[in-house]
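Peer 1: Heads up: the sequence shown begins at 74 in my numbering, then just goes up one per residue.
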Amino acid sequence: MMDDMSDVTEESRPEETLTIARLGARGDGISEDGLPVPGALPGERVRVRRGDRVGTLVAVEEASPERIAPFCPYFAACGGCAVQHLAPTLYAEWKRGIVAGALAQARIETDLRPLVDARGTGRRRITLHVREIEGRAEAGLMAARSHALVPIDHCPITVPGLHRAPAVAQALAAPLGHGRKPLDVAATATVTGLDIDIRGHGKVSEGVRGVLTRLAGELDLARLSIHGDVVVERRPPEVGEGPARRVPPPGGFLQATQAGEAALTALVLEALDEGKAKVRRVADLFCGSGPFALALAAGGREVHAVEGEAASITALTRAYRAGAGFARITPEARDLFRRPLLGPELDVLDAVVFDPPRAGAEAQVRRIAESKVPLVVGVACDPGTFARDAATLIAGGYRLERVTLVDQFAWSAHVELVGVFRKEAKAAGRTLRRPR
Numbered sequence: 074m075m076d077d078m079s080d081v082t083e084e085s086r087p088e089e090t091l092t093i094a095r096l097g098a099r100g101d102g103i104s105e106d107g108l109p110v111p112g113a114l115p116g117e118r119v120r121v122r123r124g125d126r127v128g129t130l131v132a133v134e135e136a137s138p139e140r141i142a143p144f145c146p147y148f149a150a151c152g153g154c155a156v157q158h159l160a161p162t163l164y165a166e167w168k169r170g171i172v173a174g175a176l177a178q179a180r181i182e183t184d185l186r187p188l189v190d191a192r193g194t195g196r197r198r199i200t201l202h203v204r205e206i207e208g209r210a211e212a213g214l215m216a217a218r219s220h221a222l223v224p225i226d227h228c229p230i231t232v233p234g235l236h237r238a239p240a241v242a243q244a245l246a247a248p249l250g251h252g253r254k255p256l257d258v259a260a261t262a263t264v265t266g267l268d269i270d271i272r273g274h275g276k277v278s279e280g281v282r283g284v285l286t287r288l289a290g291e292l293d294l295a296r297l298s299i300h301g302d303v304v305v306e307r308r309p310p311e312v313g314e315g316p317a318r319r320v321p322p323p324g325g326f327l328q329a330t331q332a333g334e335a336a337l338t339a340l341v342l343e344a345l346d347e348g349k350a351k352v353r354r355v356a357d358l359f360c361g362s363g364p365f366a367l368a369l370a371a372g373g374r375e376v377h378a379v380e381g382e383a384a385s386i387t388a389l390t391r392a393y394r395a396g397a398g399f400a401r402i403t404p405e406a407r408d409l410f411r412r413p414l415l416g417p418e419l420d421v422l423d424a425v426v427f428d429p430p431r432a433g434a435e436a437q438v439r440r441i442a443e444s445k446v447p448l449v450v451g452v453a454c455d456p457g458t459f460a461r462d463a464a465t466l467i468a469g470g471y472r473l474e475r476v477t478l479v480d481q482f483a484w485s486a487h488v489e490l491v492g493v494f495r496k497e498a499k500a501a502g503r504t505l506r507r508p509r
């Protein structure tokens with residue numbers, strides 16, 4: 074009878090010693106023969122068990138001088154952070170290398186500015202997963218490369234206001250089945266308290282809504298919703314500072330840290346303030362609930378703010394109307410992936426700011442590249458799609474003056490960036506060439 078190879082477990086595989094050559098884009102150490110080893114650093118000799126696609130670190134035989142002690146007790150178990158064991162200098166070089174590699178692949182050369190620390194007091198939002206484990210609801214985060222839940226007491230990289238979020242998620246799971254049906258609980262720390270949006274359950278009965286309303290009071294939540302449907306709003310969950318203070322929709326997009334939002338806004342304003350030409354009319358595309366639009370209007374600029382999610386436009390409109398001293402903002406709910414702004418709408422503008430989701434802004438960027446807009450500021454959370462969109466703008470006659478890296482997703486492989494593009498005078502109005 075043939076052996077059943079399915080009985081071979083990771084623990085039964087032989088150990089081998091490897092030398093780590095470099096740090097990969099996900100934060101894994103990459104061995105000389107190309108095997109990713111999470112937790113290993115360049116220059117180290119490590120003992121591993123080789124898996125099909127990734128190696129499991131058993132021991133570090135020769136440690137890198139860049140290795141430091143991680144501060145989180147869940148590090149290496151939880152899949153949220155990749156490089157808490159990495160010293161600051163190599164950490165900054167690694168993040169810079171992620172962006173530099175994406176630009177190089179697109180054959181783009183530019184001034185790559187140093188990494189801006191935007192961790193602030195911690196992340197203001199977290200999505201927890203609630204599952205039934207041994208008959209009780211447990212709240213936590215997923216293990217790396219796995220659907221296994223890692224229950225946590227709190228996440229140390231979040232703001233203090235979110236430290237009680239796992240206990241809140243467990244309490245709210247009780248009337249929803251104690252996690253027997255998997256739940257995702259998005260928690261946001263706001264100026265007025267926790268904003269919770271539960272996903273995965275579907276519609277609930279009026280009786281369950283009543284129990285959840287009572288729990289929201291006992292837990293002192295600002296707002297509680299299910300799939301964006303508000304169960305109770307005890308206080309408007311306000312976010313932002315100064316003129317950009319607003320109430321985003323339940324589960325709506327929000328920059329990960331308040332410091333990150335402030336840093337990105339400052340870089341956008343800096344780009345629009347420099348140069349001889351006065352920037353008076355700006356489009357803020359993929360504007361979300363409007364942090365850039367509100368800051369721009371507070372500075373006296375007219376803003377056309379466009380976002381595909383109608384609820385976010387409603388939030389922006391309310392913040393605009395409640396404020397004072399703003400220049401004119403014209404909000405528009407519009408799917409820019411299907412209906413991008415066209416030449417006649419763009420050519421009357423002095424500048425365009427765009428901040429799309431991870432997929433980038435391919436359709437809209439092609440229209441911008443064909444336009445006469447003199448200044449474009451691109452904000453991105455994915456270096457690969459940013460490089461693709463930048464190549465389109467460059468082919469249309471824009472020059473990428475600089476890219477600044479913003480680190481609000483600390484200890485992860487994610488990095489935000491802001492690119493400043495200016496239209497070459499001789500290129501205005503010429504036909505766009507497709508980037509190679």
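Backbone N, C-alpha and C fix where the C-beta goes; we use that ideal spot for every residue, glycine too. As the structure is a prediction and not an experimental result, all values here were calculated from the model.
Compute the Euclidean distance between the alpha carbons of G502 and S444, then round it to the nearest angstrom.
Peer 2: Any reading at G502 must be qualified, since the residue scores a pLDDT of 48, below 50, and its modelled position is unreliable; the value itself is stated next. Answer to the nearest angstrom: the Cα atoms are 6 Å apart.
Peer 1: Please confirm whether E288 and L245 have their CB atoms less than 8 Å apart.
Peer 2: Checking the sequence, you will find Leu at residue 288 rather than Glu. Yes, these two residues count as a Cβ contact at 8 Å.
Peer 1: Under three-state DSSP, which class holds E435?
Peer 2: Of the three classes helix, strand and coil, the one that applies to E435 here is helix, per DSSP.
Peer 1: So what does DSSP say about T338, is it helix, strand or coil?
Peer 2: Note: T338 maps to helix in three-state DSSP.
Peer 1: Under 8 Å, do L214 and V241 count as touching if we go by C-beta distance?
Peer 2: Cβ distance not < 8 Å, so L214 and V241 don't count as in contact.
Peer 1: When burial is assigned at 16 or more other CB atoms within 10 Å of the CB, is T403 buried or exposed?
Peer 2: That one is exposed.
Peer 1: Suppose contacts are defined by Cβ-Cβ distances below 8 Å. Is A344 in contact with V493 by that definition?
Peer 2: Yes, the Cβ-Cβ distance between A344 and V493 is below 8 Å.
Peer 1: To the nearest angstrom, how far is it from the Cα of G396 to the Cα of P321?
Peer 2: Rounded to whole angstroms, G396 to P321 spans 15 Å at the Cα level.
Peer 1: For the candidate residues T265, V281, V223 and R192, whose alpha-carbon lies nearest to that of T231?
Peer 2: Answer by Cα proximity: R192.
Peer 1: So S104 is in the beta strand (DSSP E); what residue range does that whole segment cover?
Peer 2: Its beta strand (DSSP E) spans residues G102 to S104.
Peer 1: Find the nearest neighbour of R26 within the set L91, L108 and T92, judged by alpha-carbon distance.
Peer 2: Nothing about residue 26 can be reported from this structure: the residues present for the chain run from 74 to 509 only.
Peer 1: Spatial neighbours of I441 within its chain, please: CB distance less than 7 Å, with the 5 preceding and 5 following residues excluded, ordered by chain position.
Peer 2: Within the same chain, I441 has close Cβ partners L419, V425, V449 and L466.
Peer 1: Give the straight-line distance between the Cα atoms of F326 and A436, rounded to the nearest whole angstrom.
Peer 2: Cα to Cα, F326 sits roughly 21 Å from A436.
Peer 1: Note down, in chain order, each residue of its chain lying with its Cβ closer than 8 Å to the Cβ of V281, except the 5 sequence neighbours on either side.
Peer 2: P248 and L249, listed in sequence order.
Peer 1: With DSSP as the reference, label K168 as helix, strand or coil.
Peer 2: Three-state DSSP puts K168 in a helix.
Peer 1: From the DSSP output, read off the bridge partner residues of T183.
Peer 2: In the DSSP output, where bridge partners are listed per residue, T183 has none listed.
Peer 1: Whose C-alpha, out of E314, P316 and T263, is nearest the C-alpha of D293?
Peer 2: Of the listed residues, the one whose Cα sits closest to D293 is T263.
Peer 1: Residues bridged to V127 by DSSP?
Peer 2: Bridge partners of V127: none, in fact.
Peer 1: If you follow the beta strand (DSSP E) that P316 is part of, which residue opens it and which one closes it?
Peer 2: Note, P316: premise wrong, no beta strand (DSSP E); not H, not E.
Peer 1: Have a look at the DSSP bridge pairing and note the partners of E205.
Peer 2: According to DSSP, which records beta bridges pairwise, E205 is partnered with A210.
Peer 1: Please name the residue in C454, G170 and R123 whose C-alpha comes closest to that of A432.
Peer 2: Selected option, being the one with the closest Cα: C454.
Peer 1: If you drop the 5 nearest sequence neighbours on each side, which residues of the same chain put their C-beta closer than 6 Å to that of A259?
Peer 2: Cβ within range, chain order: T200, D270 and G324.
Peer 1: Bridge partners for H377 per DSSP, in chain order?
Peer 2: Looking at the DSSP assignment, H377 forms a beta bridge with A356 and T403.
Peer 1: Find out if the Cβ-Cβ distance for the pair G457, K496 is shorter than 8 Å.
Peer 2: No; because the gap between Cβ atoms is not below 8 Å, this pair is not in contact.
Peer 1: For S278, tell me which candidate among T261, I299, A295 and E291 has the shortest Cα-Cα distance.
Peer 2: Per the Cα distances, I299.
Peer 1: Can you tell me whether H377 is buried or exposed? The criterion is at least 16 other CB atoms within 10 Å of its CB, across all chains shown.
Peer 2: Looking at its Cβ environment, which holds 16 or more other Cβ atoms inside 10 Å, H377 is buried.
Peer 1: Say whether the region 140–147 touches the region 165–179, bearing in mind that this needs 3 or more beta-carbon pairs closer than 8 Å, one atom from each stretch.
Peer 2: No, the region 140–147 does not touch the region 165–179.
Peer 1: Tell me which residue opens and which closes the alpha helix (DSSP H) that D462 is part of.
Peer 2: Element bounds for D462: P456 to A468.
Peer 1: Should L389 and R318 be called a contact, given that it needs their Cβ atoms to be closer than 8 Å?
Peer 2: The answer is no: Cβ separation not under 8 Å.
Peer 1: Does the Cβ-Cβ distance between R95 and P115 come in under 8 Å?
Peer 2: Closer than 8 Å, so yes.
Peer 1: Tell me which same chain residues have a C-beta within less than 8 Å of the C-beta of P309, skipping the five on either side of it?
Peer 2: Taken in chain order, the residues that qualify are T265, A295, R296 and V320.
Peer 1: Leaving out the 5 sequence neighbours to the left and right, which residues in its chain are closer than 8 Å to H227 when beta-carbon positions are compared?
Peer 2: Excluding positions up to five away in sequence, the list reads L235, H236, R237, A238 and P239.
Peer 1: In whole angstroms, what separates the C-alpha of R209 from that of R86?
Peer 2: Computed Cα separation, rounded: 34 Å.
Peer 1: By the three-class DSSP mapping on this structure, what secondary structure does V312 have?
Peer 2: DSSP places V312 in strand when its eight states are reduced to three.
Peer 1: Please report the straight-line C-alpha distance between A366 and D106, rounded to a whole angstrom.
Peer 2: Near 49 Å, if we compare the C-alpha coordinates of D106 and A366.
Peer 1: Is P224 helix, strand or coil by DSSP?
Peer 2: Three-state DSSP puts P224 in a strand.
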